[in-house]
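K.L.:
The listed protein sequences derive, respectively, from chains A, B and C. Each number in the numbering used here corresponds to the 1-based position in the first sequence with 129 added. Each number in the numbering used here corresponds to the 1-based position in the second sequence with 1 added. Each number in the numbering used here corresponds to the 1-based position in the third sequence with 50 added. Cβ coordinates follow ideal geometry from the N, Cα and C atoms, glycine included. Before I ask anything, let me first share the structure, which is written out below as structure tokens.
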Amino acid sequence: MSRTARTALFLASAGGLGFLVVWALTGLPPFGHYPGPYGDIVTHVVQSQRHMANAVTAVVFDYRGFDTMGEELLLFAAASAAALLLRETRESQTSDIVDAVRSDASRGVGAAAVAVVFVLGLNVVAHGFITPGGGFQGGVVLAASFALVFLAVEYHAYHRLVPTSLAEPIEAFGAGAYVGLGLISFGFGLAFLQNFMELGVFGRLSSGGSAILVNWSSALAVAGGFLVLFGEYLKEDMAARYGRARVR
Amino acid sequence: MTTLLPILVAVPLLVAALLALGGRWMPNRLDDWVAFGAAAVPVALGAVLVVRVGIRLLTYWFGGWRPRSGSYPLGIAFASDRIGIGLALLVAVLLFASLLYSWRYVEDEHYLYLVLMLAFGGAMCGFALTGDIFNMFVFFELMSVAAFALTAYKVEEPSPLQGAFNFAVSNTIGAFLVLLGISLLYGRTGSLNLAEIGRRLTADGRHDGLAIVAFTLITCGFLVKAAMVPFHFWLADAHATAPAPVCVLFSGVMVELGIYAVARIYWVDFASVLGQFANPTRDVLLGVGTVTAVVGAVMCGMQRHLKRLLAYSTITHAGCFLIGVALLSPDALAGAAVYVVAHAFAKGALFLAGGILLVTKGEIDELLLRGYGRDLRVTAVAWLVGALALASPPFLGTFTAHALIEDAAGAEHYWWVPIVLAFATIGSTSAILRAGARVFLGIGDAEDPLLSDEPRESPTPRERPRIVFMRTIALGLALGGLAVGAITPLAERAMEAAHSFTDTASYLAVVLDHHGAAPVQPEHWHTTTSSVVWSVVTLVGSFVVGYASLYRAHLPRAVSSALASALQPLRAAHSGHVGDYIAWLTFGTAVIGGLFAVTMR
Amino acid sequence: MSILPYLLCAFVFGCGLFGIVTSRNVIHMVVCVSVCQSATYILLLAIGYKNHGTAPVYADIPSSRVVTDPIVQSLTLTDIVVAVAVSAVLLAFALKAYEHHGSLDPAEMTGLKG
């Protein structure tokens with residue numbers, strides 16, 4: 130179809146579909162009047178049932194932990210997919226590329242910032258059940274701290290620190306540990322992914338029970354996944370830029 | 002026994018993660034053995050469960066969040082009946098067969114291929130077993146992402162990327178439609194558990210814009226995965242370029258899971274609140290299924306790329322599955338279920354045979370392969386048996402399935418359904434037989450004016466593999482497909498399972514109130530004369546039309562050019578451009594939604 | 051205008067779809083897919099909002115305080131991960147397609163047709 134025909138077909142259809150969707154949206158409860166009951170019940174019981182302050186993290190890792198398991202595996206599958214698709218460019222082709230930031234000031238501040246961001250990431254993960262945060266958010270910050278190595282220092286340092294051969298096992302370990310924790314619950318005679326540890330004191334770092342382990346494994350999986358993705362794309366880019374890409 | 006359900010899903014997923022962890026350093030064939038083991042576990046568990054579940058609905062609450070009777074379900078549940086477990090078993094069997102077949106078929110970074118196959122299989126099993134709508138969405142996305150990657154496996158070629166890209170964009174938009182529908186349902190019912198949503202929708206009772214459009218969005222989103230017209234364009238592109246063992250899973254179960262999802266969500270959530278509109282629902286969905294079956298059959302006859310031909314055949318049969326589900330009757334649903342099983346085995350065998358042709362001859366084009374398949378005798382037999390199973394011969398293959406759907410259609414006075422099924426079957430099977438005759442027997446013209454051009458697909462170059470293993474698996478699958486029609490108890494168990502599948506009240510009672518499942522009358526299979534007649538018609542018709550289409554070059558020029566120009570718009574619509582596909586997707590959703598809106602207000 | 055946030059979702063989704071249909075660049079198309087995904091976040095979060103509600107984190111607020119729905123927030127979190135995964139895979143396809151065709155125009159990548 131020509132671009133005009135396609136656009137015309139789309140606009141006509143989108144008009145009709147838009148009308149239907151707006152009609153449906155009028156049936157929703159008015160904005161600001163969420164009627165529940167799922168959210169209301171959870172916020173009501175989360176402190177007493179789970180000793181967790183952060184209801185969102187409680188839902189993500191405890192009440193609906195099985196969904197999160199699926200999603201960890203999704204990120205893991207995507208990172209494996211990227212590694213599979215970009216496998217032609219071998220790491221050996223790019224391992225000697227330096228691509229450094231020249232300014233000493235940038236490098237110095239950047240290197241210091243890496244440490245700060247890394248600790249911040251750990252903090253976000255650890256406090257997941259008390260304050261906004263958790264495995265996902267913290268995992269992304271952790272991955273970003275390593276990306277900062279490339280941005281502020283040099284590619285060679287990044288490549289030496291976190292090659293795919295290191296990031297991939299970290300991510301696989303995180304994803305596998307999540308499933309493994311579910312199976313460990315079986316060992317205690319409980320249901321899959323059921324809490325098997327002391328729930329701890331509300332508001333303290335120890336609150337949450339075995340969801341804490343789930344939280345950390347998810348942080349590993351997310352950080353590893355992002356590092357694999359980042360590393361693979363970076364490798365492609367470096368290979369293309371420095372002429373190491375395979376001649377077609 | 003219900004604890005086997007999470008294990009069935011967890012094992013392939015865990016082993017996928019372990020293979021990714023250690024696959025780089027594992028000795029040569031160890032990763033294959035580990036993968037086989039991981040694939041064998043769901044086969045074993047599925048087989049045990051499908052026999053022992055009977056007509057019950059097994060529920061498993063994750064995290065221990067089993068609600069007390071009448072209280073609110075806070076956690077995620079698996080709610081698996083015989084049809085769900087049967088689908089999971091089918092996934093597991095096809096996964097195992099594909100992994101065996103690809104023992105020597107795919108080479109570089111082999112462990113990543115195994116990781117993605119296991120993740121794909123595990124996700125599909127989870128999708129078939131779950132009773133939570135957002136969990137369905139998560140597994141849907143997981144199986145989709147794994148599928149996208151597997152389609153683009155042969156990344157050295159340009160076509161796999163295009164096929165995978167079209168596949169990915171289409172299915173992702175479909176998933177968004179599902180998610181919008183889920184959000185609308187959540188806005189009304191405040192729940193994500195399928196049974197709880199059903200209960201609350203019924204209690205609310207409104208069949209207003211929200212309910213109708215939520216049904217439309219969720220249905221259309223899943224019908225994208227099920228490759229219904231006009232959402233089907235991605236399937237031929239994806240199949241043409243994915244490796245053959247991956248195509249086995251795509252055509253055998255992935256597409257079928259879309260139809261399963263539509264049936265499940267309709268019966269649990271919408272059957273009560275939209276139950277008074279059963280006739281419009283039936284008519285609209287029958288229309289979609291019929292158009293799909295007809296378009297698929299016509300396009301099938303115009304293909305020379307064997308995997309693309311088989312892909313259009315899948316679209317045709319998927320249209321027939323939807324016809325079975327759309328009749329909204331338990332017997333027709335049973336017919337669709339048996340059809341899925343027979344089709345999965347037969348189509349799997351055909352794809353594997355095509356894969357053998359590709360690795361031994363280096364070609365997958367029907368005209369270029371003319372006569373070159375003469376030495377592949379076992380493969381030829383597998384191809385023939387697979388085609389026969391799809392042709393619905395008397396008492397074999399898809400016979401029981403067609404009979405169930407035809408009888409149910411007759412009971413509802415849809416007299417034209419058997420005609421559509423026959424057209425679809427003859428159209429697609431004749432093309433398969435034609436291709437087989439040309440390749441394996443060398444008969445037929447060397448040219449054909451109605452066949453479209455296709456880009457070449459080359460196998461990953463290496464020494465000629467030993468195909469004894471591969472052809473045995475292909476033949477085994479084909480014979481299995483043929484046998485499905487002969488196993489009458491399979492049809493009877495399917496009929497009973499379909500009765501409990503369509504029993505909404507029982508599903509809600511089991512999941513939410515922990516009652517036992519309602520008893521179901523045992524069913525007995527009766528062969529009717531009309532089903533035998535139709536069966537003979539499709540069998541004979543497939544051979545006659547197939548033979549005739551070998552000699553299309555002999556058609557008078559005026560006739561063939563008239564035919565070609567009549568079919569040109571249809572062929573041009575399949576342009577390979579993903580923008581076109583999304584435009585058609587929007588069009589289809591708007592039309593289906595509009596029809597529902599007009600008839601259900 | 052208590053329906054405005056919901057309409058915003060429909061509008062953003064429509065923009066994303068329009069972008070995909072009329073796109074001449076596969077990278078642009080991938081970003082449009084993300085835009086469609088953002089529309090789903092908007093709808094989810096808008097459904098869960100409560101007037102005068104604050105974040106459902108009880109570390110420093112009394113239990114009686116009105117909080118927004120944590121369920122939709124966790125669904126959005128999952129959805130974001132889905133978006134990342136899909137975008138990553140799609141961008142890998144786009145990258146490889148560029149290497150093969152030398153072009154990012156989907157109209158040039160129509161080897162598969164009919």
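Is the beta carbon of G239/A sitting closer than 9 Å to the one on Y99/C?
P.N.:
Result no, Cβ atoms of G239/A and Y99/C do not sit closer than 9 Å.
K.L.:
For E297/A and V351/A, what's the separation of their Cα atoms in angstroms?
P.N.:
C-alpha separation (whole angstroms): 11 Å.
K.L.:
Does L215/A come out as helix, strand or coil in the three-state DSSP assignment?
P.N.:
If DSSP states are grouped into helix, strand and coil, L215/A belongs with coil.
K.L.:
Between the Cα of I427/B and those of V52/B, S314/B, E257/B, spot the shortest distance and give me the residue it belongs to.
P.N.:
For the residues V52/B, S314/B, E257/B, the minimum Cα distance to I427/B belongs to S314/B.
K.L.:
For the structure I just gave you, are there three or more beta carbon pairs, one from the segment 40–55 of chain B and one from the segment 6–25 of chain B, closer than 8 Å?
P.N.:
They touch, by the three-pair rule.
K.L.:
Label S221/A either buried or exposed according to how many other C-beta atoms from any shown protein chain fall within 10 Å of its C-beta, with 16 as the threshold for buried.
P.N.:
S221/A should be labelled exposed.
K.L.:
Excluding five sequence neighbours on each side, which residues of the same chain lie with their C-beta closer than 7 Å to the C-beta of P120/C?
P.N.:
Answer for P120/C: P106, listed in chain order.
K.L.:
Looking at the secondary structure, which residues open and close the alpha helix (DSSP H) in which L358/A lies?
P.N.:
First-last of the alpha helix (DSSP H) with L358/A: 340–370.
K.L.:
Can at least three beta-carbon pairs, one atom from the segment 129–143 of chain C and one from the segment 200–220 of chain A, be found at a separation below 8 Å?
P.N.:
At 8 Å Cβ cutoff, the stretches touch.
K.L.:
What does a CB cutoff of less than 8 Å around F37/B pick up in its chain, not counting 5 residues either side in sequence?
P.N.:
Contacts found: F97, L100, L101.
K.L.:
Of all Cβ atoms in chain B, is any one closer than 9 Å to the Cβ of G199/A?
P.N.:
Yes, G199/A counts as interfacial toward chain B.
K.L.:
Could you pull the DSSP bridge partners for S84/C from this structure?
P.N.:
DSSP output for S84/C lists no bridge partner at all.
K.L.:
What is the residue span of the alpha helix (DSSP H) that F143/C lies within?
P.N.:
First-last of the alpha helix (DSSP H) with F143/C: 120–151.
K.L.:
Quick one: which residues of the segment 5–34 of chain B get their C-beta closer than 7 Å to a C-beta of chain A? List them in chain order.
P.N.:
The segment 5–34 of chain B vs chain A, Cβ under 7 Å: P7, A11, L14, L15, A18, L19, A21, L22, R25.
K.L.:
Quick check: what's the CA-CA separation for H151/C versus A554/B?
P.N.:
One C-alpha to the other measures close to 35 Å.
K.L.:
From V330/A to S224/A, what distance separates their C-alpha atoms?
P.N.:
Cα to Cα, V330/A sits roughly 48 Å from S224/A.
K.L.:
Would you check if the distance between the CB atom of Y73/B and the CB atom of P164/A is smaller than 9 Å?
P.N.:
No, they are not a contact pair.
K.L.:
Using DSSP bridges, identify the partner residues of W535/B.
P.N.:
None; W535/B has no bridge partner.
K.L.:
A129/B and A89/B - do their beta-carbons sit closer together than 9 Å?
P.N.:
Contact flag set, yes.
K.L.:
Check for me: the beta strand (DSSP E) holding Y61/B runs from which residue to which?
P.N.:
Note, Y61/B: beta strand (DSSP E), 59–62.
K.L.:
Check whether the Cβ atoms of A381/B and T430/B lie closer than 9 Å to each other.
P.N.:
No. Outside cutoff.
K.L.:
Rounded to whole angstroms, what's the CA-CA distance from C126/B to K348/B? Just pull it up for me.
P.N.:
Cα-Cα distance, rounded: 20 Å.
K.L.:
Check whether the Cβ of A196/B lies closer than 9 Å to any Cβ atom in chain C.
P.N.:
Closer than 9 Å: no.
K.L.:
Taking just the CA atoms, how far does M471/B sit from R207/B?
P.N.:
Straight-line Cα distance between these residues: approximately 55 Å.
K.L.:
Output the residue ranges of the alpha helix (DSSP H) runs that lie fully inside the segment 168–252 of chain A and measure 4 residues or longer, sorted by chain position.
P.N.:
For the segment 168–252 of chain A, whole alpha helix (DSSP H) runs of length 4 or above, ordered along the chain, are 184–187, 194–214, 220–223.
K.L.:
Shorter than 9 Å from the beta carbon of Q87/C to some beta carbon of chain A?
P.N.:
Chain A, which has no Cβ nearer than 9 Å to the Cβ of Q87/C, makes this no.
K.L.:
Quick one: is N101/C near chain A, going by C-beta distance under 9 Å?
P.N.:
It does; some Cβ of chain A falls within 9 Å.
K.L.:
For E365/A, I'd like the list of residues in its chain whose CB is within less than 7 Å of its CB, leaving aside the five on either flank, ordered along the chain.
P.N.:
Cβ neighbours of E365/A beyond the five flanking positions: L215, T218.
K.L.:
Would you mind giving the Cβ-Cβ distance between L151/B and A243/B, rounded to the nearest angstrom? I have them listed as a contact below 8 Å.
P.N.:
So it is a contact: roughly 6 Å between Cβ atoms.
K.L.:
Please report the distance separating the alpha-carbon of Y192/A from that of G64/B.
P.N.:
Rounded to whole angstroms, Y192/A to G64/B spans 7 Å at the Cα level.
K.L.:
Is it the case that the segment 184–200 of chain B contacts the segment 287–297 of chain B, given that we only count it when at least three CB pairs across the two stretches are under 8 Å?
P.N.:
Counting Cβ pairs under 8 Å, fewer than three are found: no touch.
K.L.:
Just to confirm, are V177/B and G222/B a CB contact at a threshold of 9 Å?
P.N.:
Sequence check: residue 177/B is Phe here, not Val. Their beta carbons are under 9 Å apart, which means F177/B touches G222/B by this criterion.
K.L.:
Let me see if you follow: with CB-CB separation under 9 Å, is D270/B close to chain A or not?
P.N.:
Not one chain A Cβ lies under 9 Å of D270/B.
K.L.:
On the DSSP bridge assignment, give the partners of K100/C in chain order.
P.N.:
According to DSSP, which records beta bridges pairwise, K100/C is partnered with G161/A, H162/A.
K.L.:
Of all the residues that make up the segment 210–243 of chain B, which are near chain A by a beta-carbon distance shorter than 9 Å?
P.N.:
Within the segment 210–243 of chain B, the qualifying residues are G210, L211, A212, I213, V214, A215, T217, L218.
K.L.:
Quick one: which chain B residues come within Cβ less than 8 Å of L191/A?
P.N.:
The sequence given here has Asp at residue 191/A, not Leu. Those are G64, listed as they occur along chain B.
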